[in-house]
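Under the UniProt record's numbering, the very last position in the sequence shown is 491; numbers go up by exactly one each time.
C-beta: ideal position from N, C-alpha, C; glycine also.
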Amino acid sequence: MKKDTVVLYPAPGMGHIISMVELGKLVLRESPPNSITISILITTGPYETPAITSYITRISHNYHPSITFHRFPHLSVDTGDRSRSPAAIMFDIIGLNTLQHFSHYLHHIAQTDHHIRALIIDPFCFSALPIAAQRRIPTYYFYTSGASALAAFFYLPKIAEQMDKSFKDLTSTYLHFPGLPKLLASHLPEPVLDRNDPAYGDFIYLCSDLSKADGVIVNTFEDLEPIPVRAIADGCCVAEAPTPPVYYIGPIIADSIDKEVEKRHECLVWLDSQPNGSVLFLCFGSRGSFSEAQVREIAIGLERKEQRFLWVVRAPPRNTNLKHVSEYEDKNFDLNQVLPDGFVERTKGRGLVVEEWAPQVEVLNHKAVGGFVSHCGWNSTLEAVVAGVPMIAWPLYAEQHLNRAALVEDMKMAIGVEMEDDEFVSGSELEKRVRELMASEKGREMRERSFEMRERALKAWEEQGYDLSFIRKHMKIDCNTITIIRGKLNR
Ligand code: UDP
1 MKKDTVVLYP APGMGHIISM VELGKLVLRE SPPNSITISI LITTGPYETP
51 AITSYITRIS HNYHPSITFH RFPHLSVDTG DRSRSPAAIM FDIIGLNTLQ
101 HFSHYLHHIA QTDHHIRALI IDPFCFSALP IAAQRRIPTY YFYTSGASAL
151 AAFFYLPKIA EQMDKSFKDL TSTYLHFPGL PKLLASHLPE PVLDRNDPAY
201 GDFIYLCSDL SKADGVIVNT FEDLEPIPVR AIADGCCVAE APTPPVYYIG
251 PIIADSIDKE VEKRHECLVW LDSQPNGSVL FLCFGSRGSF SEAQVREIAI
301 GLERKEQRFL WVVRAPPRNT NLKHVSEYED KNFDLNQVLP DGFVERTKGR
351 GLVVEEWAPQ VEVLNHKAVG GFVSHCGWNS TLEAVVAGVP MIAWPLYAEQ
401 HLNRAALVED MKMAIGVEME DDEFVSGSEL EKRVRELMAS EKGREMRERS
451 FEMRERALKA WEEQGYDLSF IRKHMKIDCN TITIIRGKLN R
């Protein structure tokens with residue numbers, strides 16, 4: 001008899017891969033033992049960073065042989081081509097991979113003793129949809145951000161159609177998406193900002209294609225985003241086609257057993273010596289980074305107030321138009337060159353700067369942490385929600401401005417930083433927001449609200465959440481009993 005397999009095709013990037021792996025683990029956990037295997041397709045080349053390789057190794061080791069990774073052969077695409085934006089290059093690579101390697105992979109699987117029960121793809125991998133349809137494989141999109149951003153993506157083709165300028169040039173125009181707070185046009189994700197960018201067409205296509213799959217799986221829960229969930233259900237978000245089935249299965253967050261645990265990270269040891277709820281954690285996702293001038297300004301903001309902090313600092317982006325390091329950049333840099341002279345000594349005891357990476361989930365769940373300055377990446381957002389930590393929202397790229405608007409205006413779990421026209425944030429602005437979050441009545445209310453939401457997130461995990469009907473439908477799995485490990489979230 002053929003062995004049932006669910007194939008997952010994430011977009012490149014740590015955040016996308018981690019979420020997809022977590023979804024795979026959920027499918028495994030809800031399936032009868034040994035009934036199914038998970039196969040995850042990995043885009044290689046510059047996108048498979050050392051951090052991704054070591055993460056994949058740990059997962060393979062922990063879940064062998066239930067989760068296997070299939071690396072697509074390296075494609076030679078010129079990542080240094082200045083005429084193409086990073087998003088356009090990513091669309092090129094995914095499109096080529098899908099055409100050349102994904103089709104071949106499906107053909108190969110058909111010759112083996114595996115039967116593909118379902119395919120779950122990232123929206124960026126939309127080119128896989130027609131190929132899977134030819135083979136009649138049920139295919140779902142896994143949308144790794146929340147319902148707010150999904151509602152905007154569903155509606156974006158309609159807004160784009162009405163515009164005769166690039167969104168980047170509409171610097172003071174607000175867009176109105178059903179069920180969402182208003183959003184500045186220039187705060188949409190980068191690939192869609194410039195009509196002349198080849199990524200623009202791909203991105204709009206990605207949005208309209210969402211409704212063509214068998215369903216869209218979303219990593220959120222209804223209590224967190226009730227307004228956009230309702231707007232999507234009412235069908236007012238999808239511009240042309242009927243709204244596809246949408247499954248809210250969150251909050252799925254990364255499991256700490258898959259992180260490197262040989263030795264407790266120095267920052268956790270440092271946190272042990274700090275008073276409860278006193279430390280502000282600053283971390284901007286797996287790629288977020290700032291110019292040297294902005295790093296220095298953050299340092300000034302942190303130094304002025306006697307605030308305790310734990311700050312993850314990354315190399316400034318080489319391409320100064322970006323707010324993140326590219327996968328193919330050399331990340332070595334001298335921390336002392338970007339921080340103000342003597343900053344580390346002057347803040348010793350009350351502040352700790354960590355280079356490049358900290359174990360975020362453990363940090364957020366440490367009792368010393370009382371606030372989080374976040375770039376509003378969706379994984380970071382859910383991790384903070386599940387840890388009950390209120391935020392200062394400082395969006396940098398992708399759909400993060402949409403997440404910020406939802407966090408600040410709907411969920412009321414974050415204070416937004418005010419940015420200057422070029423998106424620079426001054427030290428005094430940061431200082432002001434930190435004071436508001438850590439030492440004001442508004443901050444106290446936000447802390448309470450975050451704590452309430454954490455309770456609801458736990459409830460979604462333990463009781464009514466996890467809309468797993470998509471698994472039941474296509475994988476013939478009885479998932480009446482949802483077994484989630486309760487203890488792992490307890491602080
Ligand atoms: N992360 C971490 N330590 C760091 C930076 C990031 O553990 O120093 C993890 C974080 O916990 C989250 C992921 O990397 O799971 C970042 O995903 P997110 O969606 O927030 O942002 P992205 O990196 O995709 O922009």
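Taking alanine 254 as reference, the option from Cys125, Asn379, Ser103 with the minimal CA-CA separation is Asn379.
In the three-state reduction of the DSSP assignment, tryptophan 394 falls in the coil class, being assigned neither a helical nor a strand state.
Remark: three or more beta-carbon pairs, one from each stretch, lie closer than 8 angstroms, so the region 408-415 and the region 440-454 are flagged as touching. Under the three-state reduction of DSSP output, cysteine 267 falls in the helix class. Comparing alpha carbon positions, the residue from Met163, Pro244, Phe284 closest to phenylalanine 372 is Phe284. Contact check for alanine 118 against proline 138 passes: the beta carbons are separated by less than 8 angstroms. Using a cutoff of 7 angstroms, the CB of tryptophan 357 counts as near the ligand UDP, since one of the ligand's heavy atoms is closer than that. Proximity of the beta carbon of methionine 419 to the ligand UDP is not indicated: no heavy atom of the ligand is located closer than 7 angstroms. With a cutoff of 7 angstroms, glycine 351 does not count as near the ligand UDP, since its C-beta is closer than that to no heavy atom of the ligand. Going by C-alpha positions, cysteine 267 is about 35 angstroms away from proline 123. Nearest neighbour of aspartate 4 by Cα position, chosen from Thr57, Asp113, Pro65, turns out to be Asp113. Relative to proline 157, the option among Ala147, Ile121, Asp209 whose CA is nearest is Asp209. Assigned with DSSP and collapsed to three states, lysine 348 falls in strand. For leucine 8, the enclosing beta strand (DSSP E) starts and ends at 3-9.
The region 384-467 contains, as complete beta strand (DSSP E) runs of 3+ residues, the segments 391-393, 414-416 (chain order). In the displayed model, phenylalanine 126 falls within coil according to three-state DSSP, outside both helix and strand.
Residue ranges of uninterrupted beta strand (DSSP E) with 3 or more members, entirely inside the region 354-379 and ordered along the chain, are 369-374.
DSSP places cysteine 283 inside the beta strand (DSSP E), whose first and last residues are 279-283. Per DSSP, the continuous alpha helix (DSSP H) segment holding tyrosine 205 begins and ends at 198-209.
Fewer than three Cβ pairs drawn from the region 211-229 and the region 348-363 lie within less than 8 angstroms of each other, which leaves the two stretches out of contact. In the structure shown, glycine 342 adopts coil according to DSSP, grouped into three states.
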